[in-house]
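Chemist: Please find one structure pasted underneath; my questions will follow.
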Amino acid sequence: MTPPVLQVADLAKAYGAIKAVDGVSFEVKPGEIFGVIGPNGSGKTTLFNSVLGQIRPDRGRIALNGRDITQVSPRQLNRLGVGRTFQTLQVFGQMTVRDNLIVAAQEHQGSMLGRLFAPGDSGLGARADALIDQFRIRHVAHQKAGELSYGQQKLVDIAMAFMSEPALVLLDEPCAGVNPSLVGGISTLLKALNRERQGSFVVIEHNMDFVMDLCHRILVMVEGRVLAVGTPDEIRANKQVLDAYLGN
Ligand SMILES: Nc1ncnc2c1ncn2[C@@H]1O[C@H](COP(=O)(O)OP(=O)(O)O)[C@@H](O)[C@H]1O
Ligand SMILES: [Mg+2]
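Numbering of the sequence shown is given in my numbering, commencing with residue 2 and proceeding in unit increments.
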């Protein structure tokens, strides 16, 4: 049987007395779009950063395609085919959209600095152009990214995560701050990328409609713990989830 793309077992990370992630386990199947939702401060970003090697968890095991990656650095993860977007924009405002994409593929550190000082690579133009067309940002491809609207910069930011042709992409709030009129477009794009590239995605997002429409399964986090995992229909019908969100 094919192992899960991502397997997280009993992951925990505390900051002093705050149990940011407190014994979280889940699996992401090949080709799956897996959503992570939960109130602010419920541990979603800490979970992401643990999976991505950005912070060291206190305990737990993380496996990629059956291989233990618990102690693996962001740089190695990138090489193993894991891409990510950050909760905040990571585009270089002074660079053109197209150059941002090219530099993103040269990423070896998982950070903006790492991208900036990475060695050159000339074979990436075609890949950038394909994504520029797919994301419908051709008309701004040669503009400085900093001159674009926030929503367009967000599109660039998401496209950048796909430049390294990752098998697994983690997206931290791809719709945050984006005009509602663009949210449906991002969902359509991610569905197309998922279909065409047969990649798996893990998506953190507050926008419920977006998550319900996009994800095959959804994990609900509350106070560092897993409250529920299920299909959108199962999550919608889950009374505990309703209570957590309505605050009863
Ligand atoms: N670097 C940190 N230092 C101290 N506390 C942190 C740190 N990062 C996160 N936390 C705390 O851990 C909890 C979970 O935060 P976070 O993972 O950012 O949640 P979410 O992404 O769901 O909003 C919060 O209480 C937050 O204040
Ligand atoms: Mg967060």
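For each residue, glycine too, the CB sits at the ideal point set by N, CA and C. Since the structure is predicted, the reported quantities are computational estimates derived from the model, not experimental observations.
Just to confirm, is the Cβ distance from Leu156 to Ile187 under 9 Å?
Modeler: Here residue 156 corresponds to residue number 155 of the sequence shown, with the count starting at 1. Here residue 187 corresponds to residue number 186 of the sequence shown, with the count starting at 1. Yes, Cβ-Cβ distance for Leu156 and Ile187 is below 9 Å.
Chemist: When the Cα of Asp69 is compared with those of Gly225, Val52 and Gly84, which residue comes out closest?
Modeler: Translated into positions along the sequence shown, residue 69 becomes position 68. For the residues Gly225, Val52 and Gly84, the minimum Cα distance to Asp69 belongs to Val52.
Chemist: Is Ile205 near ligand 2, with its Cβ less than 8 Å from a heavy atom?
Modeler: Along the sequence shown, one-based indexing puts residue 205 at 204. Because some heavy atom of ligand 2 lies under 8 Å away, the Cβ of Ile205 counts as near it: yes.
Chemist: Could you tell me which of Gly231, Asn208, Gln241 and Phe202 sits nearest to Val223, measuring between CA atoms?
Modeler: In the sequence shown, the residue the question calls residue 223 occupies position 222. Proximity to Val223 across Gly231, Asn208, Gln241 and Phe202 peaks at Gln241, based on C-alpha coordinates.
Chemist: Flag this pair as yes or no: are the beta carbons of Pro181 and Ile159 separated by less than 9 Å?
Modeler: For the purposes of this step, residue 181 is taken as residue 180 along the sequence shown, with counting starting at 1. For the purposes of this step, residue 159 is taken as residue 158 along the sequence shown, with counting starting at 1. Going by C-beta atoms, Pro181 is not nearer than 9 Å to Ile159.
Chemist: Taking contact to mean 3 or more Cβ pairs, one atom from each stretch, closer than 8 Å, check whether the stretch 200 to 212 and the stretch 134 to 153 are in contact.
Modeler: The stretch 200 to 212 makes no contact with the stretch 134 to 153, as fewer than three CB pairs between them are under 8 Å.
Chemist: Does the Cβ of Met2 have 16 or more other Cβ atoms within 10 Å, making it buried, or fewer, making it exposed?
Modeler: Taking the sequence shown and counting its residues from 1, one reaches residue 2 at position 1. So Met2 ends up on the exposed side.
Chemist: Where does Met222 sit, in a helix, a strand or coil, going by DSSP?
Modeler: Working through the sequence shown from its first residue, we reach residue 222 at position 221. Here Met222 sits in strand by DSSP.
Chemist: Is any non-hydrogen atom of ligand 2 found closer than 8 Å to the C-beta of Asp173, if you look at the structure I gave you?
Modeler: The sequence position of residue 173 within the sequence shown is 172, counting from 1. Distances from the CB of Asp173 to the heavy atoms of ligand 2 include at least one below 8 Å.
Chemist: Just how far apart, CA to CA, sit Val230 and Ala238?
Modeler: Position 229 of the sequence shown, counted from the start, is the residue given in the question as residue 230. Position 237 of the sequence shown, counted from the start, is the residue given in the question as residue 238. Between Val230 and Ala238, the C-alpha separation is close to 12 Å.
Chemist: Per DSSP, Leu12 is paired with what?
Modeler: Numbered from its first residue, the sequence shown carries residue 12 at position 11. Its beta-bridge partners are Val25.
Chemist: Beta-carbon separation of Gly36 and Leu220 under 9 Å?
Modeler: Against the sequence shown, residue 36 aligns to sequence position 35. Against the sequence shown, residue 220 aligns to sequence position 219. If you check the CB distance, Gly36 and Leu220 come in under 9 Å.
Chemist: Taking C-alpha atoms, which residue in Arg62, Ala106, Ala105 and Asp134 lies nearest to Phe27?
Modeler: By one-based count along the sequence shown, residue 27 stands at place 26. If we check each option's Cα against that of Phe27, Arg62 comes out closest.
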